[in-house]
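Residue numbers (this note's numbering), protein chains in the order written: chain A, 1 to 239; chain B, 240 to 478; chain C, 479 to 717; chain D, 718 to 956; chain E, 957 to 1195; chain F, 1196 to 1434.
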């Protein structure tokens, strides 16, 4: 039995709120259990220097924890005047994952900024950020289509992400913070609706794991991601 | 008639939600019109180096805009690796204002961190932050009292803040962003329930203003602040 | 009786030296009591990026304390590689105040840099900086006129600044450091020759203050500023 | 046929030179094809603040490219005054991987610094760094044992790392730079002698990949890593 | 004939004002021609971490140009958030030179801070800084002796510094800015009253120079330094 | 007798390896005794902003110690996010010295980057860097000539550098680390084949030195540099 009563292969409750703030072209609050991430998509009509004149766009992501998103207060990175390795790793993962699902040649010379700000962190913030940011990205793309700025939808399909882990030798889906802090292995998977892998990252905290364990975790993640994509479709109204 | 139909001396709709996140000792989401600020109070059982051994506490505030809290995306200060002058000015104002309402000798060697993160900015973010942070501070103090960590309430009374301004020659209370961007004078006032001034800051954007105009704005602000304090009392259940 | 024998409504001795250094377009050493500030105005024939092509100019100010301007040595901000909140607040105040007295549309695409470096700090450095910088600005403008670079004087009149405060319940004009460190309220006012307010900033250190006390301080400041403007006129030879 | 004539499942030539520099407790130059990484292990008799008094040690890694290790010169991170996300990601990976193979409770309150400096980069620098750093770590541990500073060998076995990828639909082992720049999928695996996974990271550049492709790459990597471990054993003289 | 009418072996007019500011333990304004440097000595009753418990002191120097000390405005290093190489080189030279003339074992666990701030720069600022700082150092030491904090004078004698150069093939003493900008060779020498060398630094801008030219410049510098030391003695009243 | 058995006027063993890495236009590993410096020359087809359109080139140098080049590990400057004064001083010296031997008007609008990375530091790293960088520069220039990018050789002749010092009153050539740490005077000289001085820098650590001692050291250095230039010619095949 898990700390919150779930089955080993059960996702936490998920709630996705669109149009959470009024200025962003896409704005989604995603809640998975007690993890809350605000995902805002902003569209800028220019590209970074290295892409100018190539008639294609760019997508980049930033990630941040609010100081008291965590059990004890974490110091702002702006106050420390540097980004931690963890932050940079996560924002590179989010950006890379979303770039794999969009054809940047179809959005013209535009930059899509994806801002994922964690209001409350109870495990799985990076995968919640990816799952929520995808919905905000759909809204941002719909804005471009509605404004007539682009004509063809550049998105290649649905995608979502989840975490899996080995806790006391057992593979579990969608770890909360308490489970995550006891896990021997922590794995994040980003996957398309068609079951293709965008990213897989597995780390042994102390005890290396076997290929059989890798396979077990993989299968849990695959099932979980399909559940998350169903939720995305529901909230997007079949779009 | 104002852009949103209010009278010259009318506050915007205000909504204060306590316990907005689960980890902070005090956590308040304040909404005034479309301005949304998350105010979290964290209590740390130590003081900065320069106060050690003096048997008193410290209170400090930090303020930040989420990148897409504003009409066009603003670059994160963590990415720029420096705090803007505006941010530093605002967080110094919030800290100074709250320190004026609390007896730091009564909280022991503790630091109270006040984090004000703006989720959506439609004018008056610094005064909303002060008004909301006061409620979160009351919750943080109640936590200390309930835990038996302190015995006496260190708060000296209620306080709140609002903005006033001169727009096309007319004094207006509680400016929204559209009004603020047209104002000739922009003034922020922080005041106690007893009508005593904690802070007054008035700035002529281009046209210096007269003492009569100062007086008109002062009176609007005083009335507005009393309204805000009523709201604080309501949400705190008469505490 | 005040520590230095002055009346409650009396300014300190003031001395303004023009052409203190030889390279700057305007260079003024202002001494008010033992406070010494070197105010240099530099004129650059270009504007920041965000103003290009708009056919108007810009004015910006920087402020710094020399390390041993103070009683105990303060660490250089260059060595700390960041500007303190206090420094940023002061340099924003100086810039904003001077921009209120000049018509930037009349100086063409030029930037006026105002550098205020405090050689000795005995209270009131920010208001001395504004009062001295105004004189250096007049010299900088005279340089532009003499060189034929502009034809019309863009200055709208005289302006100066002073500090007032409440010390042991009494309102005092132009606080020296010793008084300032005991003050319950500290207020800075910037005003034009016509008695119009450019900026008013009042802060209660611990005890909030009443409107009557605000009024008393205001009146002291108004009288003091008129005295400072007389001094400016004298040194500028009635220009 | 691969650009350098290798089979799809063939490693590049590998050369490991121990004692490359004279001061470090372990100093290894590893060359895999034209990739050259200098791996130095330094042992410091203290631990970071957060571990003091716990009677265990710490291991941390740093990674850097010399400016002209690459085809065109890359700017020094010291000159830019920040670490890139890529650098932080790699040094976190190296540190995490080596910590999985050592029992830090057995080295006392010591810090092991692992510095991996890339002299020449022709693909696979992060996996070469891990493979070489393991040998330098063995030498560093031998130093501690020889000096009598520790009595028991804290290492849990051999480990090494390699990269695999999908190039034009085909799974290839140990990619050189030219292959890496064309790869659709790039995967790094760190594994023990017993075939247990320490870390697996796979990224689709543009085209998500299937589970079958994951399996193919996994098997190539497993074989490659066993080859690298043989090489490590050879150079360590069967230690 | 030199631009300012001096002989090839003639120093510029020199003026040394003691007690220029009131807080520093030693405060000297030195003017050599139009170069003006404020040299303040501060004494702190502690030493840096690496010297604690060794019963000796430390001396360190900092150097800065005010923004408009120069012909065109230079950007503040605090604003750029880094010290230039030139600044670091100069402050290391000043500190090293003064440490050579003082016995740090005789000042107890104290740090002497030497701040050299250039108000106006017309060539030779680093050597003027050393010459003026020595006088401020004498005053700082006299303060320690007068307060009874030390009993023995730790200074080993007088010292001063000057610049020499080759301009159009001719060796010149004490270059002003105009000469300095045309010099083929620029040399700074720091010397004791006894004619011993503390530091010699000569740089060919474009044309390497011969040993004979080195000797000529050396002799000019020696003569100049003796003149500066006479001036120091005069202003110190034969102390 | 010196610690390594050399005569007072004897250089350490020197070994210069050309083409040490494969990407740089010039790549030299220089070993003088146990000091090892990798000197890479990179050629970029553009110049910094301040030189554009002037039809001439630029040469700039960077210098860094690998963390374990030294007896105890030194912290990376990238990790500290600032360059030390020592590093800046050295890289300015290397750049200035090499610019004195090349006619930058003959290389067109190109920047020559000289990267000197110290793999092992046993005294004399800055002079070894200059001596080795000169050889790499010859190779870089040969590349430009061979590619037909320039037609005339811009180099003015050979040059090299060495250190000399006073140890226990005796002048010694080419100090190793152990000697350097005991030296009363430390001097670096950069000289052309014709015996002309490019740079001379001598520093008394504690005891100022006489002109006679300066002369003795000068003569040792001159002899040493001629020996180094012979070595350069040998390895360059009389080019």
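Glycine included, every Cβ here is placed at the ideal spot set by N, Cα and C.
Bounds of any alpha helix (DSSP H) do not take in residue 879 of chain D; it lies within the beta strand (DSSP E) bounded by 876–884.
By the 16-neighbour rule on beta-carbons within 10 angstroms, residue 166 of chain A is buried. Between residue 228 of chain A and the set A:19, A:1, A:38 and A:130, the nearest pair of CA atoms involves A:130. The segment 987–999 of chain E makes contact with the segment 1086–1101 of chain E; the number of CB pairs closer than 8 Å reaches 3 or more. The beta carbon of residue 845 of chain D does not come within 8 Å of any beta carbon belonging to chain F, so the residue lies off that interface.
A buried status is given to residue 986 of chain E, since no fewer than 16 other beta-carbon atoms sit within 10 Å of its beta-carbon. Checking the DSSP bridge columns, you'll see residue 507 of chain C partnered with C:495 and C:516. Between residue 1076 of chain E and residue 990 of chain E, the C-beta gap is smaller than 8 Å, which places the two residues in contact. When DSSP states are grouped into helix, strand and coil, residue 205 of chain A belongs to the coil group. By the criterion of a C-beta distance shorter than 6 Å, residue 808 of chain D is surrounded in its chain by 778, 779 and 780, once the five residues flanking it on both sides are discounted. Between residue 102 of chain A and residue 924 of chain D, the alpha-carbon positions lie close to 11 Å from each other.
Close CB contacts of residue 367 of chain B within its chain, under the 7 Å cut and outside five residues either way in sequence, are with 269, 271, 274 and 276 (chain order). Under the DSSP assignment, residue 620 of chain C falls in the alpha helix (DSSP H) whose first and last residues are 603–624. Uninterrupted alpha helix (DSSP H) stretches at least 4 residues long and entirely within the segment 554–585 of chain C occur at 555–558 and 563–577, given in chain order.
Using a Cβ-Cβ cut-off of 8 Å, residue 871 of chain D does not count as an interface residue toward chain A, since no Cβ of chain A sits closer than that to its own. Residue 474 of chain B: member of the alpha helix (DSSP H) spanning 450–474, first to last residue.
DSSP places residue 894 of chain D outside any beta strand (DSSP E); the residue lies instead in the alpha helix (DSSP H), whose first and last residues are 894–897.
Comparing alpha carbon positions, the residue from E:1001, E:961, E:1133 and E:1006 closest to residue 1080 of chain E is E:1133. Judged by DSSP in its simplified three-state form, residue 262 of chain B adopts coil rather than helix or strand. With fewer than 16 other CB atoms across the displayed protein chains lying within 10 angstroms of its CB, residue 1008 of chain E is exposed.
Nearest neighbour of residue 718 of chain D by Cα position, chosen from D:885, D:948, D:733 and D:915, turns out to be D:885. When Cβ-Cβ separations below 8 Å define contact, residue 892 of chain D makes no contact with chain F.
Per DSSP, the unbroken beta strand (DSSP E) holding residue 64 of chain A starts and ends at 58–65.
For residue 1315 of chain F, the uninterrupted beta strand (DSSP E) run begins and ends at 1306–1315, by DSSP. Taking 7 Å as the upper bound on Cβ-Cβ separation, chain A lies near residues 909, 913, 914, 915, 916, 917, 918, 919, 920, 921, 923, 925, 926 and 927 of the segment 909–927 of chain D. Closer than 8 Å to the CB of residue 1044 of chain E there is at least one CB belonging to chain F. Secondary structure of residue 11 of chain A (DSSP, three-state): coil. The alpha carbon of residue 669 of chain C has as its nearest neighbour, out of B:433, B:441 and B:427, the alpha carbon of B:441. For residue 1409 of chain F, the residues of chain E that pass the 9 Å Cβ criterion are 1153, 1156 and 1174, in the order they occur in the chain. Residues of chain B whose Cβ lies closer than 9 Å to the Cβ of residue 560 of chain C are, in chain order, 321 and 322.
Excluding sequence positions up to five before and after residue 487 of chain C, its CB lies within less than 7 Å of the CB of 651, 698 and 701, all in the same chain and listed in chain order. In the same chain as residue 345 of chain B, and ignoring 5 residues on each side of it, the C-beta atoms closer than 6 Å to its own belong to 391 and 393, in chain order.
Sorting D:741, D:766, D:734 and D:810 by C-alpha distance to the C-alpha of residue 953 of chain D places D:734 at the top. Distance from the Cα of residue 122 of chain A is smallest, within the candidate group A:143, A:180 and A:158, for A:180. Note on geometry: alpha-carbon atoms of residue 490 of chain C and residue 976 of chain E lie some 20 Å from one another. The beta-carbon separation of residue 829 of chain D and residue 776 of chain D, rounded to 4 Å, stays under the 8 Å limit for a contact.
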